[in-house]
Amino acid sequence: MTAPRTLRGEPGGLTTLLRAALPAVPGVNRLPGIRKGSAGDFRGLAFTREGVVVERARVEAYAAVCGFPRRDVVPVPFPHLLAFPLHMAVMSDPAFPYAAIGMVHVENVITAHRAVGIGETLDVTTSVAPPRPHARGVLLDFTTTVSAAGETAWESTSTYLRRGRSVAGDQAPGLEVPDPPTGGVEWRLPADLGRTYAAVSGDANPIHLHPLTAKALGFPRQIAHGMWTLARSVAAIENRLPDAVTVEVAFKKPVLLPGTVRYAAQQGDAGWSFAMTNPKDGSPHLLGRTTPA
Numbered sequence: 076m077t078a079p080r081t082l083r084g085e086p087g088g089l090t091t092l093l094r095a096a097l098p099a100v101p102g103v104n105r106l107p108g109i110r111k112g113s114a115g116d117f118r119g120l121a122f123t124r125e126g127v128v129v130e131r132a133r134v135e136a137y138a139a140v141c142g143f144p145r146r147d148v149v150p151v152p153f154p155h156l157l158a159f160p161l162h163m164a165v166m167s168d169p170a171f172p173y174a175a176i177g178m179v180h181v182e183n184v185i186t187a188h189r190a191v192g193i194g195e196t197l198d199v200t201t202s203v204a205p206p207r208p209h210a211r212g213v214l215l216d217f218t219t220t221v222s223a224a225g226e227t228a229w230e231s232t233s234t235y236l237r238r239g240r241s242v243a244g245d246q247a248p249g250l251e252v253p254d255p256p257t258g259g260v261e262w263r264l265p266a267d268l269g270r271t272y273a274a275v276s277g278d279a280n281p282i283h284l285h286p287l288t289a290k291a292l293g294f295p296r297q298i299a300h301g302m303w304t305l306a307r308s309v310a311a312i313e314n315r316l317p318d319a320v321t322v323e324v325a326f327k328k329p330v331l332l333p334g335t336v337r338y339a340a341q342q343g344d345a346g347w348s349f350a351m352t353n354p355k356d357g358s359p360h361l362l363g364r365t366t367p368a
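For what it's worth, the numbering used here labels the leading residue of the sequence shown as 76, then goes sequentially.
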């Protein structure tokens, strides 16, 4: 793993999305500067952002979209937004051996070591290690650390599946949530939810925006962001969680928009478990649990 490279300002936008998408275009993906390196040669990559200020307006816009109350500290999943430009920088880098289009977010683990206040200045670093084996391809772990004055306040691991040829090694078991909760409440999700969340998160992946752009990438219509389903699930119980908490989720099936989901949560000895499911057949969209950190 090389030392982290520094990203300046607020990266993102159409230029970043274009750089991330071009390696998936046949012919174009062979051009210098776009051509990806070999998976066998990949030893890791890291980027960092320094002096990132937590802005109240952005936090409140995120809270409104995801169902959190207005507070002077950020919602538990919010720092992921500060890391997302680093995820895109990694995926669009020629040294990263896979195109961003086609990467499937399958799991996410967040650990908040303390509450992060609005107005804090943070340093954010994301690194990705060489791929791990999976039955349908490879897994890539994007590990993020958010620190203030040299002390880690928040960290996460976002695991992506890239379908195709695998790599050697033993497969690790995925997140399991035994006896997920049932019952609960139904939430009706609007057709423009993906566009609304994209506006506050910076994640404008075409699969989330419009029926035509989603169909071009193999979906019947646009789908909700996985990190929105995580955030909305946590928002329903966040006032009962400690400031220092770990949240683990597995993303199972996409949520088509517009659509209806059922949400249920239950408290156990070790923390909370929760599930977002299809109300018609009970199949899971998301399974998760929390534990004190």
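Glycine residues also receive a C-beta, built at the ideal position from the N, C-alpha and C atoms.
Model, not experiment: these values are computed from the prediction.
Quiz item: From E226, Y173, P359, G249, pick the residue whose C-alpha is nearest to that of V330; which is it?
Solution: As a first step, residue 330 must be located in the sequence shown, where it is residue number 255. Minimum Cα distance to V330 is reached at P359.
Quiz item: Along the chain, where does the beta strand (DSSP E) that runs through L120 open and close?
Solution: The residue you call residue 120 lines up with position 45 of the sequence shown. Membership of L120 in the beta strand (DSSP E) is indicated by the continuous run 120-128.
Quiz item: For the beta strand (DSSP E) that E323 lies in, which residues bound it at each end?
Solution: Stepping through the sequence shown from its first residue, residue 323 is reached at position 248. It spans 320-326 - the beta strand (DSSP E) in which E323 sits, taken as one unbroken run.
Quiz item: With a cut-off of 8 angstroms, do at least 3 Cβ pairs link the segment 131-146 to the segment 201-208?
Solution: Counting Cβ pairs under 8 angstroms, fewer than three are found: no touch.
Self-check item: L157 (DSSP reduced to helix, strand or coil)
Solution: One-based indexing of the sequence shown puts residue 157 at position 82. In the three-state reduction of the DSSP assignment, L157 falls in the helix class, which pools H, G and I.
Exercise. Could you tell me the distance, in whole angstroms, from the CA atom of W259 to the CA atom of N353?
Key: Taking the first residue of the sequence shown as position 1, residue 259 is located at position 184. Taking the first residue of the sequence shown as position 1, residue 353 is located at position 278. Looking at the sequence shown, residue 259 is not Trp but Gly. Each residue's alpha carbon lies about 12 angstroms from the other.
Quiz item: From this set, Y272, N280, G293, L284, which residue's C-alpha is nearest F307's C-alpha?
Solution: Translated into the one-based positions of the sequence shown, residue 307 becomes position 232. At residue 307 the sequence reads Arg, which differs from the Phe that was named. Answer by Cα proximity: Y272.
Quiz item: P317: which of T81, E182, A345 sits nearest, CA to CA?
Solution: Translated into the one-based positions of the sequence shown, residue 317 becomes position 242. Nearest to P317 by alpha-carbon distance, out of T81, E182, A345, is A345.
Quiz item: Taking the C-alpha atoms as reference points, what is the distance between V128 and L197?
Solution: Position 53 of the sequence shown, counted from the start, is the residue given in the question as residue 128. Position 122 of the sequence shown, counted from the start, is the residue given in the question as residue 197. V128 and L197 have their C-alpha atoms roughly 6 angstroms apart.
Quiz item: Per DSSP, G212 forms a beta bridge with which residues?
Solution: By 1-based counting over the sequence shown, the position of residue 212 is 137. In the DSSP output, where bridge partners are listed per residue, G212 has H209, R238.
Practice problem: Counting only the same chain and skipping the five closest in sequence on each side, list residues whose C-beta sits under 7 angstroms from that of A319. | Solution: Walking along the sequence shown from the start, residue 319 turns up at place 244. These residues qualify, in order along the chain: A187, H188, R189, P367, A368.
Practice problem: Since I believe P152 is in contact with I185 (beta carbons under 8 angstroms), could you give me their beta-carbon distance rounded to a whole number of angstroms? | Solution: Numbered from its first residue, the sequence shown carries residue 185 at position 110. Numbered from its first residue, the sequence shown carries residue 152 at position 77. That belief holds up - the Cβ atoms of I185 and P152 are roughly 6 angstroms apart, short of 8 angstroms.
Quiz item: Under a Cβ-count criterion, where at least 16 other Cβ atoms within 10 Å of its own Cβ denotes burial, should Q297 be classed as buried or exposed?
Solution: Here residue 297 refers to the residue found at position 222 of the sequence shown. Buried, by the Cβ-count rule.
Self-check item: For V179, the first and last residue of its enclosing beta strand (DSSP E)
Solution: The residue you call residue 179 lines up with position 104 of the sequence shown. For V179, the enclosing beta strand (DSSP E) begins and ends at 178-187.
Exercise. Count the other CB atoms, across all protein chains shown, that sit within 10 Å of the CB of T304; report buried if there are 16 or more and exposed otherwise.
Key: Your numbering for residue 304 matches position 229 in the sequence shown. Looking at its Cβ environment, which holds 16 or more other Cβ atoms inside 10 Å, T304 is buried.
Self-check item: Residues near A384 by beta carbon distance below 7 angstroms, same chain, minus five either side
Solution: Because the chain here runs from 76 to 368, residue 384 falls outside it and cannot be looked at.
Quiz item: First and last residue of the alpha helix (DSSP H) that includes E135?
Solution: Walking along the sequence shown from the start, residue 135 turns up at place 60. Note, E135: alpha helix (DSSP H), 131-141.
Exercise. Taking only runs that begin and end inside the segment 337-362, name each unbroken beta strand (DSSP E) of 3 or more residues, in chain order.
Key: For the segment 337-362, the full-length beta strand (DSSP E) segments reaching 3 residues or more read 347-352 along the chain.
Quiz prompt | Per DSSP, cross-strand counterpart(s) of A223 | solution = As a position in the sequence shown, residue 223 is number 148, starting the count at 1. Partner(s): E226.
Practice problem: Counting only the same chain and skipping the five closest in sequence on each side, list residues whose C-beta sits under 6 angstroms from that of R80. | Solution: By 1-based counting over the sequence shown, the position of residue 80 is 5. For R80, where only same-chain residues beyond five positions count, the Cβ hits under 6 angstroms are F122.
Quiz item: In terms of DSSP beta bridges, what is G334 paired with?
Solution: Within the sequence shown, the letter at position 259 stands for residue 334. Paired residues: L264.
Self-check item: S348 and V252 closer than 8 angstroms at C-beta
Solution: Taking the sequence shown and counting its residues from 1, the one referred to as residue 348 is at position 273. Taking the sequence shown and counting its residues from 1, the one referred to as residue 252 is at position 177. In this structure, V252 lies closer than 8 angstroms to S348 by Cβ.
Quiz item: Does DSSP put P79 in a helix, in a strand, or in coil?
Solution: Within the sequence shown, the letter at position 4 stands for residue 79. Collapsing the DSSP output to three states places P79 in coil.
Quiz prompt | Straight-line gap, F294 to D168 (C-alpha atoms, nearest Å) | solution = Looking up residue 294 in the sequence shown gives position 219. Looking up residue 168 in the sequence shown gives position 93. Their Cα atoms are separated by approximately 26 angstroms.
Quiz item: From the DSSP output, which residues share a beta bridge with T294?
Solution: Here residue 294 is taken as the residue at index 219 of the sequence shown, counted from 1. Just to set this straight, residue 294 is Phe in the shown sequence, not Thr. DSSP, once it has assigned bridges, lists no residue as partnering F294.
Self-check item: Pairwise C-alpha distance: G343 and L362
Solution: By 1-based counting over the sequence shown, the position of residue 362 is 287. By 1-based counting over the sequence shown, the position of residue 343 is 268. Answer to the nearest angstrom: the Cα atoms are 15 angstroms apart.
Quiz item: Just how far apart, CA to CA, sit A289 and L157?
Solution: In the sequence shown, counting from the first residue as 1, residue 289 sits at position 214. In the sequence shown, counting from the first residue as 1, residue 157 sits at position 82. One alpha carbon belongs to A289, the other to L157, and they sit about 25 angstroms apart.
Self-check item: Straight-line Cα distance separating P255 from G301
Solution: For the purposes of this step, residue 301 is identified with residue 226 of the sequence shown, where counting begins at 1. For the purposes of this step, residue 255 is identified with residue 180 of the sequence shown, where counting begins at 1. It is roughly 18 angstroms from the alpha-carbon of G301 to the alpha-carbon of P255.
Practice problem: Starting from the Cα of V324, find the closest Cα among F117, Y235, T335 and give me that residue. | Solution: As a working mapping, residue 324 is identified with position 249 in the sequence shown. If you compare the alpha carbons of F117, Y235, T335 with that of V324, the shortest gap goes to Y235.
Exercise. Can you grab the Cα-Cα spacing for the pair V221 / P150, in whole Å?
Key: The sequence position of residue 221 within the sequence shown is 146, counting from 1. The sequence position of residue 150 within the sequence shown is 75, counting from 1. A direct Cα-to-Cα measurement between V221 and P150 gives close to 14 angstroms.
Quiz item: For E313, which option in A340, A279, A291 has the closest C-alpha, if you only look at C-alpha atoms?
Solution: Numbered from its first residue, the sequence shown carries residue 313 at position 238. Per the Cα distances, A340.
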